[in-house]
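Working notes, structure below.
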Amino acid sequence: MRVLLLSAALAGAPAFAEHPPPLLYDEAIVPRGELLRDAPAPILPAQERDTPSAPETRAGWAATPSSLLLYDSSGTLISETGLGRWEEEGPDQTVRRRTVRGGASKSGRFAWSWENAELVRSGRSEKVA
Numbered sequence: 038m039r040v041l042l043l044s045a046a047l048a049g050a051p052a053f054a055e056h057p058p059p060l061l062y063d064e065a066i067v068p069r070g071e072l073l074r075d076a077p078a079p080i081l082p083a084q085e086r087d088t089p090s091a092p093e094t095r096a097g098w099a100a101t102p103s104s105l106l107l108y109d110s111s112g113t114l115i116s117e118t119g120l121g122r123w124e125e126e127g128p129d130q131t132v133r134r135r136t137v138r139g140g141a142s143k144s145g146r147f148a149w150s151w152e153n154a155e156l157v158r159s160g161r162s163e164k165v166a
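Positions in the sequence shown are counted from 1; adding 37 to them yields the numbering used here.
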């Protein structure tokens with residue numbers, strides 16, 4: 038890192054771009070360094086997500102923008118995992134927020150999913166229960 042900075046300084050070129058490219062966070066563009074601690078994990082741009090990644094063989098995983106699909110060797114749908122964000126209101130002014138994300142490999146052999154659930158009590162300020 039020191040060699041990179043030193044060589045950039047000697048060459049007269051900036052070591053890092055003055056304005057690095059913005060990141061895409063869940064359909065909203067957030068510049069780097071601003072509110073990143075509050076932003077959700079980055080996801081693929083919409084044009085890359087809209088095309089499902091179908092498995093190369095008949096059996097395997099396929100990813101769509103709203104779900105992960107598992108097919109058997111005959112091409113029959115075996116399992117579906119829903120992806121997205123939900124809020125469910127509960128008793129005593131509580132709200133359960135759920136986020137499910139996932140993806141599949143290009144070969145369709147592997148898939149991953151991540152789920153986050155938090156229970157929040159609303160009031161003057163939200164408290165995670």
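Every residue, glycine too, gets a C-beta built ideally from N, C-alpha and C.
Treat the numbers as computed from the prediction; the structure is a model and nothing was measured.
Per-residue burial, residue i [other beta carbons within 10 Å of its own, 16 or more giving buried]
| i | result |
| --- | --- |
| Gly-97 | buried |
| Ala-154 | exposed |
| Gly-145 | buried |
Beta-carbon gap between residue i and residue j smaller than 9 angstroms
| i | j | result |
| --- | --- | --- |
| Gly-121 | Val-132 | no |
| Leu-105 | Ser-150 | yes |
| Glu-152 | Arg-134 | no |
| Tyr-108 | Ala-99 | yes |
| Arg-95 | Gly-119 | no |
Residue-chain proximity (residue i, chain C), Cβ-Cβ < 9 angstroms
| i | result |
| --- | --- |
| Leu-106 | Absence of chain C from the displayed structure is noted, only one protein chain being present. |
Simplified DSSP state of residue i, which is helix, strand or coil
| i | result |
| --- | --- |
| Ala-148 | strand |
| Arg-95 | coil |
| Leu-107 | strand |
C-alpha distance - residue i paired with residue j, whole-angstrom precision
| i | j | result |
| --- | --- | --- |
| Leu-156 | Ser-103 | 23 angstroms |
| Asp-129 | Gly-139 | 32 angstroms |
| Ser-116 | Gly-127 | 28 angstroms |
| Ala-141 | Arg-158 | 35 angstroms |
| Ser-110 | Ala-148 | 17 angstroms |
Any non-hydrogen atom of the ligand GTP within 8 angstroms of residue i CB
| i | result |
| --- | --- |
| Gly-127 | With respect to the ligand GTP, the structure offers nothing, as it holds no ligand at all. |
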